[in-house]
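2 protein chains.
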Amino acid sequence: MSAINLDNLADFIRGTAILGTGGGGDPYIGRLMLQQELEKCGEIRLIDPDDVGDDIFTVTVACMGAPTVFGEKLPNATTAIEGIRRIEKEVGRSVNAIMPLEAGGVNATLPLTVAARMGLPVIDGDGMGRAFPEFQMTTFNICGVDCSPFVMSDDFGNTVLLETDSALRTETYGRAVCVKMGGIAQVASYAMTGEEARKSCVARTVSLAREIGQTVREARIAGEKDICDALVDYFETSNPPRFSQILFDGKVQDIVRETRDGWTHGQVFLEGLDEADGEMLITFRNEYSQATVNGKTVAIVPDLISVLDRETGEPITTETLRYGQRVKVLGVAALPVMRTREAVEIFGPRAFAIDEEFQSLETLAWGEAEAVG
Amino acid sequence: MSAINLDNLADFIRGTAILGTGGGGDPYIGRLMLQQELEKCGEIRLIDPDDVGDDIFTVTVACMGAPTVFGEKLPNATTAIEGIRRIEKEVGRSVNAIMPLEAGGVNATLPLTVAARMGLPVIDGDGMGRAFPEFQMTTFNICGVDCSPFVMSDDFGNTVLLETDSALRTETYGRAVCVKMGGIAQVASYAMTGEEARKSCVARTVSLAREIGQTVREARIAGEKDICDALVDYFETSNPPRFSQILFDGKVQDIVRETRDGWTHGQVFLEGLDEADGEMLITFRNEYSQATVNGKTVAIVPDLISVLDRETGEPITTETLRYGQRVKVLGVAALPVMRTREAVEIFGPRAFAIDEEFQSLETLAWGEAEAVG
């Protein structure tokens, strides 16, 4: 039985920030929340998705909103638990395991904090295999799991319960409420049975985050080689192996950022350390969604784009980007379950209003023929 | 036992439009809805507030949104009933009477349409004694009736249930959802007992609307004198008697109107028929909230301002105002229950972001000393 405890907490947190692909807020906040709980409970048990029994009834918890707002409105486990209680009342069934909605950012730690408080285990998986900015962008939704009842709570005890015909509509109605709740709301949603969880989740992403963080730590201690290269090596041998690549090596030149409609929108411009490397432009809505070098796309959603400090390998979130940071940009192939036609419809480029077809990181790196062959 | 039937329908509708003080949408829509039901059921019974028993459990139904949108998204009794059913499920009690939220506009007819469909009586009263643009602007709220559970429904079967600590917060969160629902949502709210209804409503406003409409019709038939003067005479002898006055006689010169944030906002400029009369400016948010003549306030919320066709006495709503209309502007004193300190806080000038103290129509007409004496 795998677990998150004080020994592997730092690894896990670092990993969630890399899987957060720029979104999900400052990992320091998530770390403090979780550390406090672990000091009390010792560890949080993880259930492997393959071992999730049919007696399980689980629910996801997450913050909805703009990460820029996290600094002043902290995620709140107490409020999140109220949302779970409301769902239990609505459905008439008790929750006996917590499921992460996202593998990245503070939303990867909030479910563990909530589970610790409730004395429940956490299913080692999530609905995104990374972080995404909208609630319909989940494998749960792709697999037909209903996101309703969808309960939003603010820190004053107010709740808004949505029951709709589609996750996209819930996202649309809910986001408007989120803005009025001050830019951040706690959400309990996607209540599901053990069978549904088993079949619809992106598997073992809590463990994945821990291993990613461990890779960075060990590379630092060994001091032998570039930390980003160590990550590329890790993904090559992870289960399943995943293509990844350093897409750019440069420094932050310019940032455009605004908090609007319940998201942090923006673009960051990077200049190569070597002038010949040209310029990278990364677009984000909470998460990094597209990276181009000299105007040519080199990585695009749902593939993962992470911006890392070039010396320490520490991930940099969209709201902490600032002029002069020297960074490496890492691209990681999304898991196969996140690259199906149905998946690309729900969280591919067009879902982000990017007028391009999805092309895999491999295709973009090697060209069409080589990637296929 | 009083009732609304096909004989008094036209009177009632005309009265609701006058009490709608410019808001609440085209009365023609409400008339068609209600006529269809009356052709089937014959009449809708009204219960006098004094006769509301303790066995009564009632709920209000209303459309939330901008009247400009009514023309393309009609009020929908079926959807409104779904909202009532959701409240019944939430509270665990069956509704046995319908209560109007507003005495004016389509929201004065929707509760009757719903009641006819459900085979229930309607309480002869409401929470505004007119129409107001926001859900916290009710005597129910002033008397401490909880507006939660507050159920919003769209025409696709989606529901949003709000449970909050204040009616103002519900209004804020709900309005954001309303915009996403297409600018109009059906709302069931302010579930209450017979005792609460009796104590908190503005009494006999359904009958009031019918009598106002009857006054206009009879004055037309008699053809004897100005229809607006007949209305002033009516209010002088109504129960209770109310001060009213023709505030202006002129024609529409200019209209500024926009549909924004879930309301119809704007201003209308009138020029006196006699040049010496100067210019009237009326500000509105769904309803007319302030009227000035040559820059001096002559009527302000919660007192009623209605714009009437100067020949027929037919009321003109804010979205049907147009250049060249010849109109008389009628001011009517709000009932005493709507002029208390608590009431003025909830729906007086400052609640409309007008930086003025409330002054009664009488004071504005006669000056402070005379009004007091």
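First to last, the protein sequences are chains W and P.
Note that the working numbering gives residue 87 to position 87 of the first sequence, counting from 1, and the numbers run on in steps of one.
Note that the working numbering gives residue 1204 to position 204 of the second sequence, counting from 1, and the numbers run on in steps of one.
Built from N, CA and C at the ideal position, the CB exists for glycine as well.
Exercise. In the structure shown, what three-state DSSP assignment does Cys63(W) receive?
Worked result: Looking at Cys63(W) - three-state DSSP - the assignment turns out to be strand.
Problem set entry | Endpoints, beta strand (DSSP E) assigned at Lys1089(P) | Looking at the DSSP string, Lys1089(P) is not in any beta strand (DSSP E); the run it does join, the alpha helix (DSSP H), is Ala1077 to Val1091.
For this session: Kindly indicate which three-state DSSP category Glu1236(P) falls into: helix, strand or coil?
Result: helix
Exercise. In or out: Ile1018(P) buried (at least 16 other Cβ within 10 Å) or exposed?
Worked result: buried
Problem set entry | Coil, strand or helix - Val1179(P) by DSSP | helix
Problem set entry | Spatially closest choice to Glu218(W) from Leu335(W), Ala3(W), Asn8(W) and Gln290(W), by CA coordinates | When only C-alpha atoms are compared, the closest one is Asn8(W).
For this session: Output, in sequence order along the chain, the residues in the stretch 2-13 of chain W whose CB is closer than 7 Å to any CB in chain P.
Result: none
For this session: Go through its chain and collect everything with a Cβ distance to Val1372(P)'s Cβ below 7 Å, but skip five positions before and after it.
Result: In this prediction, Val1372(P) has a pLDDT of 47, which is less than 50 and means its spatial position is unreliable; what the coordinates show is noted afterwards. Correct list: empty, nothing qualifies.
For this session: Just mark Gly104(W) as buried or exposed, buried being the case when its beta carbon has 16 or more other beta carbons within 10 Å.
Result: buried
For this session: Give the C-beta separation of Val1187(P) and Gly1125(P) to the nearest angstrom, bearing in mind that I take them to be a contact with Cβ-Cβ under 8 Å.
Result: Actually they are not in contact, since the Cβ atoms of Val1187(P) and Gly1125(P) sit about 18 Å apart, beyond 8 Å.
For this session: Using three-state DSSP, classify Arg326(W) as helix, strand or coil.
Result: In the three-state DSSP reduction, Arg326(W) falls in the strand class (E or B).
Exercise. Using a beta-carbon distance below 7 Å, is Tyr173(W) in contact with chain P?
Worked result: yes
Exercise. What's the C-alpha gap between Ile87(W) and Asn5(W)?
Worked result: 28 Å
Problem set entry | Whole-angstrom C-beta distance between Leu273(W) and Lys251(W), which should lie under 8 Å | 7 Å
For this session: State buried or exposed for Glu356(W), treating a residue as buried only when at least 16 other CB atoms are found within 10 Å of its CB.
Result: exposed
For this session: Check Phe1057(P) in the structure and name its three-state DSSP category.
Result: strand
Problem set entry | Endpoints, the alpha helix (DSSP H) within which Glu1218(P) is located | Thr1205 to Ala1222
Exercise. What are the boundary residues of the alpha helix (DSSP H) that Ala1392(P) is part of?
Worked result: There is simply no residue 1392(P) to check, as chain P begins at 1001 and stops at 1373 in what is shown.
Problem set entry | Glu1039(P) versus Gln1267(P) - alpha carbon distance | Glu1039(P) and Gln1267(P) have their C-alpha atoms roughly 39 Å apart.
Problem set entry | Below-7 Å beta-carbon distance, Leu1162(P) vs any chain W residue | Closer than 7 Å to some Cβ of chain W, the Cβ of Leu1162(P) qualifies, so yes.
Problem set entry | Supposed close pair Leu1247(P), Leu1330(P) - CB separation, criterion 8 Å | 7 Å
Exercise. Rounded C-beta distance between Val59(W) and Tyr190(W)? I'm assuming under 8 Å.
Worked result: 7 Å
Exercise. Who are the near neighbours of Ser1238(P) in its chain, counting only those whose CB is closer than 8 Å to its CB and skipping five residues on each side?
Worked result: Leu1208 and Glu1211
Exercise. Which same chain residues, not among the five before or five after Gly1092(P), have their C-beta less than 7 Å away from its C-beta?
Worked result: Non-local C-beta neighbours of Gly1092(P) in its own chain, meaning closer than 7 Å and more than five positions away in sequence, are absent.
For this session: Could you list the residues in the stretch 1139-1156 of chain P with a C-beta less than 8 Å from some C-beta on chain W, going in chain order?
Result: Phe1156
For this session: Keeping to the same chain, check which residues put their C-beta closer than 6 Å to that of Gln290(W); ignore five residues upstream and five downstream.
Result: Thr283, Ile300 and Ile354
Exercise. Nearest-angstrom Cα distance between Glu1258(P) and Met280(W)?
Worked result: 42 Å
For this session: Look at the Cβ atom of Ala122(W), then the Cβ atom of Pro111(W), and state whether they are nearer than 7 Å.
Result: Reading off the sequence shown, one finds Val at residue 122(W), where the question assumed Ala. Contact: yes.
Exercise. Using a Cβ-Cβ distance under 7 Å, would Asp1165(P) count as near chain W?
Worked result: Chain W contact via Cβ: present.
Exercise. CB Gly1015(P) to CB Gly1213(P), shorter than 7 Å?
Worked result: In this structure, Gly1213(P) lies closer than 7 Å to Gly1015(P) by Cβ.
Exercise. Hey, Gly420(W) and Ser153(W): beta-carbon distance below 7 Å or not?
Worked result: In the structure as shown, chain W begins at 1 and stops at 373. Residue 420(W) is therefore absent and cannot be evaluated.
Exercise. Which residues does DSSP pair with Asn5(W) in a beta bridge?
Worked result: Glu43(W)
Problem set entry | Identified DSSP bridge partners for Pro315(W) | Leu308(W)
Exercise. Looking at C-alpha atoms only, which residue of Ala1185(P), Asp1229(P), Arg1322(P) and Ala1365(P) is the closest neighbour of Gln1253(P)?
Worked result: Arg1322(P)
Exercise. In chain W, which residues lie with their C-beta within 9 Å of the C-beta of Thr1016(P)?
Worked result: Correct list: empty, because the minimum Cβ distance to chain W is about 30 Å.
For this session: Please classify Val1069(P): is it buried, with 16 or more other beta-carbons within 10 angstroms of its beta-carbon, or exposed?
Result: buried
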